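Asks: In my numbering, the protein residues as written are 1439 to 1893.
Let me begin by handing over the structure; questions about it come next.
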Ligand SMILES: [Zn+2]
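As structure tokens, then:
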């Protein structure tokens, strides 16, 4: 049992002073008690907020972030970015993936992400054949997470098709191919691998309605019913148009009809959804993961946030393409997209939490609990002890109290300097803003990159 004490902490019910945390040996909070003296507890050097789960990551894409900003001969959109990604991927080895993922994960935990949901579809060897051990690439991500000290929910996903209705895979997609039967075997192997690690969990999913036949999606959803289920959906207008042309329904409607949405579903993006689809998602209790910096970078479009909030939809955030790795930037982009399109201010807020920064942080942290397949996103007994200790002396935060502190943290803080410590599963991973393995991990990352960029 570890005992910690914070001068102030943002709990689910609001800010509390003189908070004592008791953390059990398995890394969960066993008690959270406000208004008590320090006693025999270790004092934390600043106000405490809950850690942010990253609900959607493709770690390998960290290595190509920024490499697709050059104007090409045709219109540059998601699809031209995807070609750059496929070319990059054709070369990458499990050792490269481990080094790149470790770098991405260290950057995540330093930025305040305490768990990553790794949406994993890079299953096969360079020639498209499965590795002798199907879990080869998945295990590279788990080892990277261990090195970074970040909690991980691994999300192996089905990928059988190159387009709606079971179109064949293109040469750029052969490394992703995995059958429903192989996916079952992979999940079973990963369930074994995570058994002894309280910070590791296994979810499952399908890449998108483009990447598998409807009957395959339904089979996987049925087989793993009750497990967190992730899928990309309606990120691009072209995907929606292709889906309607093929089956007469939008991607969300097709999934609801053939696989059945429920509260375990995590729908990634949902950029181009309408009122009926929002109702389906909210009624099912599913979560939408927004990746605003990636969606902005790829020119995807703006999520209908106003309607979604009005209907009470749950959301979380993800780093997706890793174009930026900072939860605050995702939240700012989300809110600023709303402000710019509405020509109004402070839209992500309500009577309970009128401060936009606090509203965004609290909702995004807790919205992803089901997607993570782990009790996260709140500071409360029974949840994972994942939290940040802020630097109340940082110029951007100095003199702020309560939710005004979170507002300044989200909207007004320069990168670096505002997060003093990051704790994950009751372990201090970042101290004074630094990660103990950051130099070693960066060095391995540079070695992998020089190999990849030389080829
Ligand atoms: Zn994605």
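Yeah, the Cβ is synthetic: ideal placement off N, Cα and C, and Gly gets one too.
Source: prediction; values computed, not measured.
Figure out for me which residue from 1835, 1864, 1857 and 1861 has the closest Cα to the Cα of residue 1850.
Replies: Here residue 1850 refers to the residue found at position 412 of the chain shown. Ranking 1835, 1864, 1857 and 1861 by Cα distance to residue 1850 puts 1835 first.
Asks: Here's the rule: buried if 16 or more other CB atoms are within 10 angstroms of the residue's CB, otherwise exposed. What is residue 1707?
Replies: As a working note, residue 1707 is residue 269 in the chain shown. Answer is buried; the Cβ neighbour count reaches 16.
Asks: How would you label residue 1703, buried or exposed, when you count the other beta carbons within 10 angstroms and need 16 or more for buried?
Replies: On the chain shown, position 265 is the one that residue 1703 refers to. Buried is the call here.
Asks: Output needed for residue 1442: all residues of its chain with C-beta closer than 6 Å, excluding positions within five of it in sequence on either side, in chain order.
Replies: Here residue 1442 is taken as the residue at index 4 of the chain shown, counted from 1. So the qualifying residues of the chain are 1459, 1479, 1480 and 1482.
Asks: Taking 8 Å as the cut-off, does the CB of residue 1555 come closer than this to any heavy atom belonging to ligand 1?
Replies: Counting from one through the chain shown, the residue named residue 1555 turns up at place 117. False, no ligand heavy atom lies under 8 Å from that Cβ.
Asks: Skipping 5 residues on each side, what residues in its chain have a beta carbon closer than 6 Å to that of residue 1776?
Replies: If you number the chain shown from 1, residue 1776 lands on position 338. Taken in chain order, the residues that qualify are 1743 and 1785.
Asks: Going straight from the alpha carbon of residue 1447 to that of residue 1487, what length do you get?
Replies: If you number the chain shown from 1, residue 1447 lands on position 9. If you number the chain shown from 1, residue 1487 lands on position 49. One C-alpha to the other measures close to 6 Å.
Asks: Using DSSP with H/G/I as helix, E/B as strand and the rest coil, what is residue 1858?
Replies: Here residue 1858 corresponds to residue number 420 of the chain shown, with the count starting at 1. Residue state, collapsed to three classes: strand.
Asks: May I ask you to check if the CB of residue 1602 is nearer than 8 Å to at least one heavy atom of ligand 1?
Replies: For the purposes of this step, residue 1602 is taken as residue 164 along the chain shown, with counting starting at 1. No; taking the cut-off as 8 Å, the Cβ of residue 1602 has no heavy atom of ligand 1 nearer than that.
Asks: Using CA coordinates, which residue listed in 1840, 1762 and 1690 is at the minimum distance from residue 1495?
Replies: The residue labelled residue 1495 in the question sits at position 57 within the chain shown. It is 1762.
Asks: Decide yes or no for the touch test of the segment 1804-1820 against the segment 1745-1765: beta carbon pairs closer than 8 Å, at least 3 of them.
Replies: Counting Cβ pairs under 8 Å, three or more are found: they touch.
Asks: Check whether the segment 1532-1552 and the segment 1857-1870 touch, using three or more Cβ-Cβ pairs below 8 Å as the test.
Replies: Segments in contact, yes.
Asks: Under the assumption that residue 1890 contacts residue 1515 (Cβ atoms under 8 Å), give the Cβ distance between them as a whole number of angstroms.
Replies: Here the question's residue 1890 lines up with position 452 in the chain shown. Here the question's residue 1515 lines up with position 77 in the chain shown. Not quite, the Cβ-Cβ distance comes to about 25 Å (not below 8 Å), so this is no contact.
Asks: Determine whether the beta carbon atoms of residue 1666 and residue 1642 lie at a separation below 9 Å.
Replies: As a working mapping, residue 1666 is identified with position 228 in the chain shown. As a working mapping, residue 1642 is identified with position 204 in the chain shown. Yes, they are a contact pair.
Asks: Under 8 Å, with one C-beta from each stretch per pair, do the segment 1837-1857 and the segment 1561-1570 reach the 3-pair mark?
Replies: As far as the Cβ criterion goes, the segment 1837-1857 does not touch the segment 1561-1570, which means the pair count is below three.
Asks: Measure the C-alpha to C-alpha separation of residue 1593 and residue 1663 and round it to an integer number of angstroms.
Replies: What you label residue 1593 is simply residue 155 of the chain shown in a count that begins at 1. What you label residue 1663 is simply residue 225 of the chain shown in a count that begins at 1. Whole-angstrom Cα-Cα distance: 14 Å.
Asks: How would you write the range of the beta strand (DSSP E) that residue 1866 sits in, first residue to last?
Replies: Residue numbering aside, residue 1866 sits at position 428 when the chain shown is read from its first letter. Note, residue 1866: beta strand (DSSP E), 1865-1869.
Asks: Near residue 1476, what residues of its chain come up, given a Cβ to Cβ distance below 6 Å and the 5 sequence neighbours on each side ignored?
Replies: By one-based count along the chain shown, residue 1476 stands at place 38. Contacts found: 1443.
Asks: Cβ of residue 1744 within 8 Å of any heavy atom in ligand 3?
Replies: As for ligand 3, it is missing from this structure, which binds only ligand 1.
Asks: Excluding the 5 residues flanking residue 1897 on each side, which residues of the same chain have their C-beta closer than 8 Å to its C-beta?
Replies: This structure cannot speak to residue 1897, because the chain is shown only from 1439 to 1893.
Asks: Buried or exposed: where does residue 1562 fall if 16 or more other Cβ atoms within 10 Å of its Cβ makes it buried?
Replies: If you number the chain shown from 1, residue 1562 lands on position 124. Looking at its Cβ environment, which holds 16 or more other Cβ atoms inside 10 Å, residue 1562 is buried.
Asks: Ends of the alpha helix (DSSP H) at residue 1516?
Replies: Within the chain shown, the letter at position 78 stands for residue 1516. Where residue 1516 is concerned, the enclosing alpha helix (DSSP H) stretches over 1516-1527.
Asks: Where in the segment 1713-1771 do unbroken runs of the beta strand (DSSP E), each at least 3 residues long, occur, reported from the N-terminal end onward?
Replies: The segment 1713-1771 contains these whole beta strand (DSSP E) runs: 1725-1728 and 1752-1755.
Asks: How is the alpha helix (DSSP H) around residue 1535 delimited, first residue to last?
Replies: The residue you call residue 1535 lines up with position 97 of the chain shown. Here the alpha helix (DSSP H) through residue 1535 covers 1532-1549.
Asks: Shorter than 9 Å from the beta carbon of residue 1593 to some beta carbon of chain C?
Replies: Reference to chain C is not applicable here, since this structure consists of a single protein chain.
Asks: Would you list, in sequence order, the uninterrupted alpha helix (DSSP H) runs of no fewer than 4 residues that lie entirely inside the segment 1441-1527?
Replies: Counting whole runs of 4 or more residues, the segment 1441-1527 contains the alpha helix (DSSP H) stretches 1516-1527.
Asks: Residue 1814 by DSSP, collapsed to three states: which one?
Replies: Taking the chain shown and counting its residues from 1, the one referred to as residue 1814 is at position 376. Looking at residue 1814 - three-state DSSP - the assignment turns out to be coil, as it is neither helix nor strand.
Asks: Please go through the same chain and pick out, in chain order, the residues whose beta-carbon is closer than 7 Å to the beta-carbon of residue 1825, but skip the five residues on each side of it.
Replies: Along the chain shown, one-based indexing puts residue 1825 at 387. Taken in chain order, the residues that qualify are 1486, 1487, 1488, 1489, 1817 and 1861.
Asks: May I ask whether a heavy atom of ligand 1 can be found less than 8 Å away from the beta carbon of residue 1706?
Replies: The sequence position of residue 1706 within the chain shown is 268, counting from 1. Checking the Cβ of residue 1706 against ligand 1 gives yes.
Asks: Looking at residue 1719 and residue 1690, is the spacing between their C-beta atoms short of 9 Å?
Replies: Along the chain shown, read from residue 1 onward, the residue named residue 1690 stands at position 252. Along the chain shown, read from residue 1 onward, the residue named residue 1719 stands at position 281. Yes. Within cutoff.
Asks: Considering only the alpha carbon of each residue, which of 1639, 1625, 1464 and 1468 lies closest to residue 1493?
Replies: Numbered from its first residue, the chain shown carries residue 1493 at position 55. Per the Cα distances, 1639.
Asks: Measure the C-alpha to C-alpha separation of residue 1790 and residue 1723 and round it to an integer number of angstroms.
Replies: Reading the chain shown from its first residue, position 352 is the one you call residue 1790. Reading the chain shown from its first residue, position 285 is the one you call residue 1723. Distance between the alpha carbons of residue 1790 and residue 1723 is about 20 Å.
Asks: Taking only heavy atoms of ligand 1 into account, decide whether any of them is closer than 8 Å to the Cβ of residue 1888.
Replies: Here residue 1888 refers to the residue found at position 450 when the chain shown is read from its first residue. Outside the cutoff, so no.
Asks: By DSSP, does residue 1644 sit in helix, in strand, or in coil?
Replies: As a first step, residue 1644 must be located in the chain shown, where it is residue number 206. Residue 1644: strand per DSSP, three-state reduction.
Asks: Taking DSSP as the reference, what is the three-state secondary structure of residue 1784?
Replies: The residue you call residue 1784 lines up with position 346 of the chain shown. Reduced to three states, the DSSP call for residue 1784 is coil.
Asks: Between which two residues does the alpha helix (DSSP H) harbouring residue 1880 extend?
Replies: Within the chain shown, numbered from 1, the residue matching residue 1880 stands at position 442. 1876-1892 is the extent of the alpha helix (DSSP H) around residue 1880.
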